[in-house]
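Student: Dumping the structure here so I can ask a few things about it.
In the numbering used here, the protein residues as written are 251 to 1020.
Following this line, the structure appears as structure tokens:
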């Protein structure tokens, strides 16, 4: 294919069709195949078709025959077809969006430039990808000749390169442009015949050409879609493969926030049960959520999509051949231990109050050990660790100790000092170097554990370890074939530690197979949990050979606008440069937004206030303004407070100013959001609890220098690294909750956070005085 001719109506159709935004959709793959001349013709809708006349390609709407068109000279821009499939679609979509805006008289976007001498330039890639590749466009090609022969506006893409060349003085070659104009009448006639023939055929399988018919209105994101049949048109090829693949080995779906991982997991569970029903086989399915709040959201997903009444079958008639049990890890372990563990007995890390209690226990343990044991242990401690203890804020040490206990002492060492001493230290954790350092931290852990015992409380690790011991008995091994599960589905696996994940492979009906499906976004795991592909494989199939699990990466982001994806990419990229083990899920991410959705978005902005007082007062005003500008409910814009002080102060202000607010204090609490929507309230939460939720807009309060990441008067490098690492994760999670709009509030005295400075420099985030 030497050139590609696209008329205005066809261009409008291409930029409005969701399945043509990414090669992860089958339609996107077919479209790229047409671009590569692997397919001769393609019907894109009831109005638009694409065909190749051996010299060039045409994508046209023959019934409308628009006077405006754009031609891509593929001989002059050979690098375009050398890109991967998503790259070709990205460049084509960005160029066509510029063309449709130009024809409609709209202003160009920030990545589009109108320059002198009838030229224009489009930069299709986000700035964070560090590439200068650009599309060079002639806005008035062959103008003298065209003005005598035809009306309308024509454009020519004559270059795709990272080289500026001769700039506005460059004269494009017109040979292929003229060929396309001469051949367009016959192309319109052939396209009309192709559309008529396609619509007359009743057996698609008999078609001699590769054809895909797409809904002319474009696929919207369904809010209440029933079952796999309803979702199949909007799932990507990778998502469909994940859902449809037989579950016989551990199967992981991974990708950044907003890629539909939870939905795919629910659909895979229902598909697996449906297959068992069709084969007339007994099947016990277990679906595990991280918390009660996320469980309720998953219950809703099952209720909406379950057309065969599998949901709740475990509570129904005895002897039901296919059953589905949806639960949390806490309730699952209580069931395995054959006893109820009340809320008052369990410290749930997912609740705000529990977080405060655990921090208090950790702080008390640190104070006690430092005052009573430090002098006697000093000769055995490394100088680095002593400096850290003396120069770091005790509350920061408490936060790092909680992390050390969860990930290392309970998560990997089974609460055994000898095992703990052999572990490699966390890259972003307590600076432990010697056996003496390990022993001193273990003393702190023992004081922390004593506080739990005195208060008659258990954390999740205590419950899990007890449950594992119950599963390692002759009684369970005998019962396993009857009471075990044929399929296990785990949502948000990145939020569990190794101890917690070690339960699941013991629950399968057959110990030789591990039919476990799970979703992962490693960058949402707080701090350094050390998650790697190998670690997941080992957790779910410890006795299997490496490589037996099946990963499904998903890169098409449905939730966030391209501007928000680019900003989040900048945040995760900056994290990756600071910390070698920070997982960046956005490296290959592609926004699946259509042109109509992009029009509802604005560039992310940071507002700097003269004082905290002004910032906190204006937080509710900004949320209200965003809701009014987008013409949506107050609950569709979330206020996310960074820091316990900011969170507490916003709650107090909401009360004193009589602002209607629903406070979310547990992760993924969809019920609280629904209550806010029904009562016309704002949603106020913290970054720790906003994961798993989705909003149209977000106001991030207190993301400024010295506060995110936090800095004390005297800080130690290791503690600052840990806080910075955790802050990158929290900002990433908060940003990716918003669909169309993001505003970040801070104070002028503190300035822009180091986490956002790269985004500001790259013009992905604009800064203004409030």
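Even glycine gets a Cβ: it sits at the ideal position worked out from N, Cα and C.
Values in this document were obtained by computation on a predicted structure and should not be read as measured data.
(1) Which ranges would you report for the alpha helix (DSSP H) in the segment 372–444 if only whole runs of at least 4 residues count?
(2) So, at 7 Å on beta carbons, what are the nonlocal neighbours of residue 438 in its own chain, with the 5 sequence-adjacent residues on each side left out?
(3) Relative to the C-alpha of residue 927, which candidate in 758, 539, 944, 916 has its C-alpha closest?
(4) Smallest Cα separation from residue 869: which of 325, 897, 847?
(5) Put residue 999 into one of helix, strand or coil per three-state DSSP.
(6) Quick one: give me the first and last residue of the alpha helix (DSSP H) that residue 528 is part of.
(7) For residue 931, which residues from the same chain have a beta carbon less than 7 Å from its beta carbon, with the 5 sequence-adjacent residues on both sides left out?
(8) With the cut-off set at 9 Å, would you say residue 497 and residue 524 are in Cβ contact?
(9) In three-state DSSP terms, what is residue 974?
(10) Mind checking which residues open and close the beta strand (DSSP E) that includes residue 575?
(11) Who does residue 308 pair with in a DSSP beta bridge?
(12) Roughly how many whole angstroms lie between the Cα atoms of residue 284 and residue 300?
(13) Given a cut-off of 9 Å on the beta-carbon distance, is the pair residue 725 and residue 768 in contact?
(14) Per DSSP, what are the beta-bridge partners of residue 957 in this structure?
(15) Are there 16 or more other CB atoms within 10 angstroms of the CB of residue 388, so buried, or fewer, so exposed?
(16) Classify residue 1018: buried if its beta carbon has 16 or more other beta carbons within 10 angstroms, exposed otherwise.
(17) If you check the beta carbons only, do residue 657 and residue 679 fall under 9 Å apart?
(18) Within the continuous alpha helix (DSSP H) that includes residue 753, where are the two ends?
(19) Tell me, please, whether the segment 982–994 touches the segment 845–863 by the rule of three or more beta-carbon pairs shorter than 8 Å.
(20) Is residue 418 buried or exposed, if buried means 16 or more other CB atoms sit within 10 Å of its CB?
(21) For the alpha helix (DSSP H) that residue 487 lies in, which residues bound it at each end?
(22) Within the chosen definition, does the segment 678–698 reach the segment 630–645 through at least 3 CB pairs nearer than 8 Å?
(23) Alpha carbon to alpha carbon, what distance is there between residue 937 and residue 653?
(24) Roughly how many angstroms separate the alpha carbons of residue 442 and residue 295, rounded to a whole number?
(25) Alpha carbon to alpha carbon, how far is residue 951 from residue 641? Give it in angstroms, no decimals.
(26) Can you tell me where the alpha helix (DSSP H) with residue 549 in it begins and where it stops?
(27) Pick from 386, 404, 384: whose alpha carbon is nearest that of residue 1024?
(28) Could you spell out the range, first to last residue, of the alpha helix (DSSP H) harbouring residue 675?
(29) Judging by CA-CA distance, which residue of 982, 762, 358, 645 is the nearest neighbour of residue 817?
(30) CA-CA distance, residue 586 and residue 1016?
(31) Go ahead and pull the three-state DSSP assignment for residue 501.
(32) Grab me the residues of residue 254's own chain with a C-beta within less than 6 Å of its C-beta, minus the 5 sequence neighbours each way, in chain order.
(33) In terms of residue numbering, what span does the beta strand (DSSP E) encompassing residue 853 cover?
(34) When burial is assigned at 16 or more other CB atoms within 10 Å of the CB, is residue 559 buried or exposed?
(35) Looking at the unbroken beta strand (DSSP E) that takes in residue 767, where does it start and where does it end?
(36) Buried or exposed: residue 529, going by 16 or more other Cβ atoms within 10 Å of its Cβ?
Tutor: In brief:
(1) 393–399
(2) Around residue 438: 310, 312, 315.
(3) Of all alpha-carbon atoms in 758, 539, 944, 916, the one lying nearest the alpha-carbon of residue 927 is that of 944.
(4) 897
(5) coil
(6) 511–528
(7) Excluding sequence neighbours, residue 931 sits near 884, 885, 910, 911, 912.
(8) no
(9) helix
(10) Counting along the chain, the beta strand (DSSP E) containing residue 575 begins and ends at 572–578.
(11) 255, 301
(12) 8 Å
(13) The Cβ-Cβ distance between residue 725 and residue 768 does not fall below 9 Å.
(14) 960
(15) buried
(16) exposed
(17) For residue 657 and residue 679, yes; Cβs fall inside 9 Å.
(18) It is not in any alpha helix (DSSP H) - residue 753 carries neither H nor E in the DSSP assignment.
(19) yes
(20) That one is exposed.
(21) 487–494
(22) yes
(23) 17 Å
(24) Taking the straight line joining both Cα atoms gives about 12 Å.
(25) 29 Å
(26) 542–555
(27) Not covered by the structure: residue 1024. The range shown for the chain is 251 to 1020.
(28) First-last for residue 675: undefined, no H or E at that position.
(29) 982
(30) 53 Å
(31) strand
(32) 307, 322
(33) From DSSP, residue 853 is part of no beta strand (DSSP E); its letter is neither H nor E.
(34) That one is exposed.
(35) 766–770
(36) exposed
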